[in-house]
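> Mind having a look at this structure? Questions to follow.
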Amino acid sequence: MENKDLKSKQLLKDETGSEHIIEVKDLCKSYDDLQVLKNITFYIRNNEFMTLLGPSGCGKSTTLRIIAGFETADSGIVNFEGDDLLRVPAHKRHINTVFQRYALFPHLNVFDNVAFGLRLKKVPKNEITERVEKALKTVGLEGYGNRYIDQISGGQMQRVAIARAIINRPRVLLLDEPLGALDLKMRKEMQIELKDMQRELGITFVYVTHDQEEALTMSDTIIVMKDGIIQQIGTPIDIYNEPKNAFVADFIGESNIIPGTMKKDLEVTFAGRTFECVDKLFAEMEAGKDNEVDVVIRPEDIYVKEESDSHINGTVDSIVFKGVHYEIIVIGDNGVEWMIHDVDPVTVGSRVGLTFDPDDIHIMRKSEFSPKKGEFGAKGVDKEEEEEAETEE
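Going by my numbering, 162 is the number at position 137 of the sequence shown; the sequence numbering is gapless.
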């Protein structure tokens, strides 16, 4: 009954009509003199799989802990279904959390671990049995109730932790790097299972990770964070194909990020040549001027061809087999170091030509994360700058 009452609440909606279960506005948090969250603002849609992604220390776990009620904010607003969540004690929030360290009780079996919260609430015994069995079935642990924690695998422990969280029928489930303790194979399996579980449960998941593959695999929406600031919010496809700045481009997968200039729409100059592209000048740019930009080309979008005047030419510096492809480093004749992912091997020291299509070129505004002069060439050396220095000497 309690859960039905919650679902009947009027939720805020965006321009698409999607309901917002949580809205975070201008959230700030500091520890002594270190500000870890700087005016964080975003919303989470009802029944969405939202991921907070970023390197260690970016503020993602702090954001999650404030939503959970384990941390207090210095300032800002967190609305939950239209109510001020920051005024509600953690134990009264219809939100549960699954941590990286699952915090299971080793002296209790699986059934009793999952039932623990219901027993604290003095739920009737027959209802506890029914709800625990349903939760274990949901997480694929039907028949495991009598096993103790030291008798199950890491992946099964993670499922027990999720079952214990969902049995209280939360509106939102927070997951703080829950796959971090698992091996690579198990993590990949659990990524798919978590997404399927979220769809089946029909509740909102807010997931914290520094693993780009996890975020891209599971999320409906990704929030990329750096130093307590949101860098970009978007779908996995948008984040990967349309990064907003050099940090996002470099953090989400491998990238070739090269300084360039644009004088007009659909044309960009970089690496000593001018190329057609599919992007236009940004609103603040002036046509006819050499507007500085960053150019992103993903390694898988570069084709290795024979050396030719119509290609970017260079010398193969290294090649590493990665399983599904080879990672090839080519030092261009203009000093730019290129990373290429290709299924066909090449010989170190050989001469090659590189090509890419106009829609493989993505243009970004310059930012504090942009490569500086001397940081994008072979082994970090801009060939033109190096030649200029030699001439001055």
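We put the CB at the ideal spot given by N, CA and C, even for glycine.
(1) Can you tell me whether Gln25 is buried or exposed? The criterion is at least 16 other CB atoms within 10 Å of its CB, across all chains shown.
(2) Using the three-state DSSP reduction, which class does Asp236 fall into: helix, strand or coil?
(3) So within the segment 206-250, which uninterrupted alpha helix (DSSP H) runs reach at least 4 residues, ignoring any that extend past its ends?
(4) In whole angstroms, what separates the C-alpha of Ala271 from that of Ile258?
(5) By alpha-carbon positions, which one of Lys391, Val368, Leu77 ends up nearest to Ile65?
(6) Could you compute how far the alpha carbon of Tyr265 sits from the alpha carbon of His132?
(7) Gly253 by DSSP, collapsed to three states: which one?
(8) Does Lys251 pass the burial test, meaning 16 or more other C-beta atoms within 10 Å, or should it be called exposed?
(9) Please report the straight-line C-alpha distance between Val148 and Phe136, rounded to a whole angstrom.
(10) So, with DSSP's three-state summary, where would you put Val185?
(11) On the three-pair Cβ rule with 8 Å, is the segment 85-93 touching the segment 281-298?
(12) With distances taken from CA atoms, which of Ile255, Val49, Ile254, Val249 is nearest Pro261?
(13) Indicate whether the contact test is met: 3 or more Cβ pairs, each with one atom in the segment 277-284 and one in the segment 313-332, closer than 8 Å.
(14) Taking Cβ positions, are Thr340 and Gly378 nearer each other than 8 Å?
(15) I think Tyr127 touches Gln176, with their Cβ atoms under 8 Å apart; what is that distance to the nearest whole Å?
(16) In terms of DSSP beta bridges, what is Ile258 paired with?
(17) Buried or exposed for Pro195, please, with buried defined as at least 16 other CB atoms from any protein chain shown within 10 angstroms of its CB.
(18) Excluding the 5 residues flanking Asp382 on each side, which residues of the same chain have their C-beta closer than 8 Å to its C-beta?
(19) By Cβ distance, which residues of its chain are closer than 7 Å to Asn193, with the 5 residues on each side in sequence left out?
(20) With a 10 Å radius around its C-beta and 16 neighbouring C-beta atoms as the bar for buried, classify Thr229 as buried or exposed.
(21) Just confirm the distance between the C-beta atoms of Thr163 and Glu225, as a whole number of angstroms; I'd bet it's less than 8 Å.
(22) Exposed or buried, what is Asn138 when buried is set at 16 or more other beta-carbons lying within 10 Å of its beta-carbon?
(23) On a CA-only basis, which of Arg376, Gly179, Val197 is nearest Glu332? Give me that one, please.
(24) Would you report the Cα separation of Asn134 and Gln181, rounded to the nearest angstrom?
(25) Whose C-beta lies closer than 7 Å to the C-beta of Ala160 among residues of the same chain, with five residues either side of it excluded?
(26) Three or more C-beta pairs under 8 Å: does that hold for the segment 341-349 against the segment 297-307?
(27) Just the Cα atoms here: how many angstroms apart are Arg118 and Gly94?
(28) Given Leu200, which residues of its chain have a CB within under 6 Å of its CB, disregarding the five upstream and five downstream residues?
(29) Take His366 as the anchor and find which of Glu214, Gly278, Leu198, Asp109 has the nearest alpha-carbon.
(30) Going straight from the alpha carbon of Glu214 to that of Glu202, what length do you get?
(31) Just checking Met215 against the ligand HEM - is the residue's beta carbon closer than 7 Å to any of the ligand's heavy atoms?
(32) Rounded to whole angstroms, what is the Cα-Cα separation between His45 and Ile388?
(33) Using 10 angstroms around the beta-carbon of Asn71, count the other beta-carbons present and answer buried if the total reaches 16, otherwise exposed.
(34) Return the residue from the list Thr234, Gly179, Val197 that minimises the CA-CA distance to Gly84.
(35) By Cβ distance, which residues of its chain are closer than 8 Å to Asp221, with the 5 residues on each side in sequence left out?
Inspection of the coordinates gives the following:
(1) It is not possible to answer for residue 25, since the shown part of the chain is limited to 26 through 418.
(2) To locate residue 236, count along the sequence shown from 1; it is residue 211. The three-state reading of DSSP puts Asp236 in coil, since its state is none of H, G, I, E or B.
(3) Listed in chain order, they are 209-226, 237-243.
(4) Counting from 1 along the sequence shown, the entry for residue 271 is found at position 246. Counting from 1 along the sequence shown, the entry for residue 258 is found at position 233. Each residue's Cα considered, the two are about 15 Å apart.
(5) Locating residue 65 in the sequence shown gives position 40, counting from the first residue. Of the candidates Lys391, Val368, Leu77, the one whose C-alpha sits nearest the C-alpha of Ile65 is Leu77.
(6) Here residue 265 refers to the residue found at position 240 when the sequence shown is read from its first residue. Here residue 132 refers to the residue found at position 107 when the sequence shown is read from its first residue. Going by the C-alpha atoms only, they are around 45 Å apart.
(7) Along the sequence shown, one-based indexing puts residue 253 at 228. Coil at Gly253, not helix or strand.
(8) Sequence index remark: in the sequence shown, residue 251 carries index 226 (1-based). Label assigned to Lys251: buried.
(9) The sequence position of residue 148 within the sequence shown is 123, counting from 1. The sequence position of residue 136 within the sequence shown is 111, counting from 1. The alpha-carbon separation between Val148 and Phe136 amounts to approximately 15 Å.
(10) Against the sequence shown, residue 185 aligns to sequence position 160. Correct three-state label for Val185: helix.
(11) The segment 85-93, when compared against the segment 281-298, does not touch it at the 8 Å Cβ threshold.
(12) Position 236 of the sequence shown, counted from the start, is the residue given in the question as residue 261. For the options Ile255, Val49, Ile254, Val249, the alpha carbon positioned closest to that of Pro261 is the one of Val249.
(13) Touching, per the Cβ criterion.
(14) Taking the sequence shown and counting its residues from 1, one reaches residue 340 at position 315. Taking the sequence shown and counting its residues from 1, one reaches residue 378 at position 353. Not in contact: Thr340 and Gly378 (Cβ atoms no closer than 8 Å).
(15) Here the question's residue 127 lines up with position 102 in the sequence shown. Here the question's residue 176 lines up with position 151 in the sequence shown. A Cβ-Cβ distance of about 15 Å is found for the pair Tyr127 and Gln176, leaving them out of contact under the 8 Å criterion.
(16) Taking the sequence shown and counting its residues from 1, the one referred to as residue 258 is at position 233. Per DSSP, Ile248.
(17) Along the sequence shown, one-based indexing puts residue 195 at 170. Around the beta carbon of Pro195, 16 or more other beta carbons sit within 10 angstroms, so the residue counts as buried.
(18) Start at 1 with the first residue of the sequence shown, and residue 382 comes out as number 357. Only Asp326 meet the Cβ criterion.
(19) Position 168 of the sequence shown, counting from 1, holds the residue named residue 193. Once the five neighbours on either side are set aside, the close Cβ partners of Asn193 are Asn121, Gly142.
(20) By 1-based counting over the sequence shown, the position of residue 229 is 204. Buried, by the Cβ-count rule.
(21) On the sequence shown, position 138 is the one that residue 163 refers to. On the sequence shown, position 200 is the one that residue 225 refers to. About 7 Å separates the beta carbon of Thr163 from that of Glu225, a gap short enough to meet the 8 Å contact definition.
(22) Translated into positions along the sequence shown, residue 138 becomes position 113. Classification of Asn138: buried, given that the 10 Å Cβ count is 16 or more.
(23) Within the sequence shown, residue 332 is the residue found at index 307, counting from 1. Of all alpha-carbon atoms in Arg376, Gly179, Val197, the one lying nearest the alpha-carbon of Glu332 is that of Arg376.
(24) In the sequence shown, the residue the question calls residue 134 occupies position 109. In the sequence shown, the residue the question calls residue 181 occupies position 156. Between the alpha carbons of Asn134 and Gln181 lies a distance of about 13 Å.
(25) As a first step, residue 160 is located in the sequence shown; it is residue number 135 there, counting from the start. Excluding residues within five positions, the ones whose Cβ falls inside 7 Å are Val139, Ala188, Ile191, Ile192.
(26) Contact fails: fewer than three Cβ-Cβ distances are below 8 Å.
(27) Here residue 118 refers to the residue found at position 93 of the sequence shown. Here residue 94 refers to the residue found at position 69 of the sequence shown. Across the structure, Arg118 and Gly94 are spaced so that their CA atoms are roughly 8 Å apart.
(28) By one-based count along the sequence shown, residue 200 stands at place 175. So the list reads Val123, Tyr232, once near-sequence residues are dropped.
(29) Your numbering for residue 366 matches position 341 in the sequence shown. Minimum Cα distance to His366 is reached at Gly278.
(30) Taking the first residue of the sequence shown as position 1, residue 214 is located at position 189. Taking the first residue of the sequence shown as position 1, residue 202 is located at position 177. Each residue's CA atom was taken as its position, placing Glu214 and Glu202 some 15 Å apart.
(31) In the structure on display, the ligand HEM does not appear, and there are no ligands present to speak of.
(32) To locate residue 45, count along the sequence shown from 1; it is residue 20. To locate residue 388, count along the sequence shown from 1; it is residue 363. Straight-line Cα distance between these residues: approximately 32 Å.
(33) Within the sequence shown, the letter at position 46 stands for residue 71. Within 10 angstroms of the beta-carbon of Asn71 lie 16 or more other beta-carbons, which makes it buried.
(34) The residue given as residue 84 occupies position 59 in the sequence shown. The shortest C-alpha separation from Gly84 is found at Thr234.
(35) Position 196 of the sequence shown, counted from the start, is the residue given in the question as residue 221. Closer than 8 Å at the Cβ level, and outside the excluded window around Asp221, lies no residue.
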